[in-house]
């Protein structure tokens, strides 16, 4: 008997709202989305429209509503052990998405924790809950010991405004800078761009004059008008790119930063990389003085995003991840329902 196939648009994913830009791209999968908001530990309630508009196929719900929902979810998308624990009473397949390196996560949230013990606990809990693990890069997956399924985020370069670079000024988008200084190599950033005009964008209430963009359109305009983008990160704690730097590249900005094994930037072609703050400052001044060079390098950066981080590739890869999670979940159910077998045949016992 052939199983009836339900159209994607009739299926619903239950998604914890970890980060609006990442969740927003799930709208491209074609599923309905129930997005869980008002989560503990997140700096904002609801959905932050300053970062992305809510996808047209999504609705917002609270965690209690999600736990009690009568919807038979196609898959549950989680981002940490707390999320997995919160939905332990639900009976649908689930995915755990790893967005950070182990070292970066420990540095930011559990500095006194033994990283090896942290990994062991995660592996045990994943096995216990039957979750399928997806890492957003091989670099992050390797740090946790999960390399089976790697799905990079997706960006449609056509969503962004054409580069103008009219402002002789660098730009960087980053939240909570002061609590992440080591991860962001912020001391290096400050040395390299001392005396260079740089616009900081993001939620940083402890830094006067720094604000988040009003909305996604405002962010696109900010990126469009600036000469170059900045991304610095400690190689052992954070990846050499993130969604913000990829958005800048999609707009056509060259990127300046420290050398990093996972940086998508090709030195001298789509940006400049150096571990010498003085040298990086010299590159920044070259771009401030030469808008045409910045535009040419930015074109190569945009090409990199179109080739390596396309939204089409994300849609194909993450849809596959969902189906893998469903197969694993079904196999787990079958195994749990199987009758207990004995290694020896039954023996009649007399009185």
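Numbering (the numbering used here), first residue to last: 4 to 354.
C-beta atoms are modelled at their ideal positions from N, C-alpha and C, and glycine is treated no differently.
- Take the alpha-carbon of residue 22 and the one of residue 265: they are about 22 Å apart.
- Ranked by Cα distance from residue 243, the first of 186, 294, 95, 297 is 186.
- Distance from the CA atom of residue 222 to the CA atom of residue 296, rounded to whole angstroms, is 23 Å.
- In the three-state reduction of the DSSP assignment, residue 232 falls in the strand class.
- Around the beta carbon of residue 175, 16 or more other beta carbons sit within 10 angstroms, so the residue counts as buried.
- In this model, residue 252 and residue 81 are separated by some 28 Å (Cα to Cα).
- Note on residue 214: under 16 other CB atoms within 10 angstroms of its CB, so exposed under the neighbour-count rule.
- For residue 301, the uninterrupted alpha helix (DSSP H) segment begins and ends at 294–311.
- As the crow flies, the alpha-carbon of residue 24 is around 17 Å from that of residue 83.
- Per the coordinates, the alpha-carbon of residue 95 lies some 53 Å from the alpha-carbon of residue 282.
- The residue from 246, 166, 276 with its alpha-carbon nearest to that of residue 258 is 276.
- Closest option to residue 328, judged by alpha-carbon separation, among 55, 78, 268: 78.
- For residue 216, the secondary structure class from DSSP, reduced to helix, strand or coil, is coil.
- Residue 29 places its beta carbon less than 8 Å from that of residue 18.
- In this structure, residue 11 and residue 46 do not form a Cβ contact; the two beta carbons are roughly 33 Å apart against a cut-off of 8 Å.
- Here the alpha carbons of residue 173 and residue 183 stand approximately 20 Å from one another.
- The segment 304–322 makes contact with the segment 139–159, as at least three CB pairs between them are under 8 Å.
- Around the Cβ of residue 131, a 10 Å sphere holds fewer than 16 other Cβ atoms; the residue is exposed.
- Counted as a single uninterrupted DSSP element, the stretch harbouring residue 259 is not any alpha helix (DSSP H) but the beta strand (DSSP E) occupying residues 258–260.
- Beta-bridge partners assigned by DSSP to residue 36: 16, 61.
- One thing to note: residue 230 has its Cβ no nearer than 8 Å to the Cβ of residue 288.
- The C-beta distance from residue 105 to residue 97 rounds to 21 Å, too long to meet the 8 Å contact threshold.
- Bounds of any beta strand (DSSP E) do not take in residue 327; it lies within the alpha helix (DSSP H) bounded by 314–340.
- Beta-bridge annotation (DSSP): residue 175 is paired with 203.
- For residue 300, the number of other beta carbons within 10 angstroms of its own is at least 16, and it is reported as buried.
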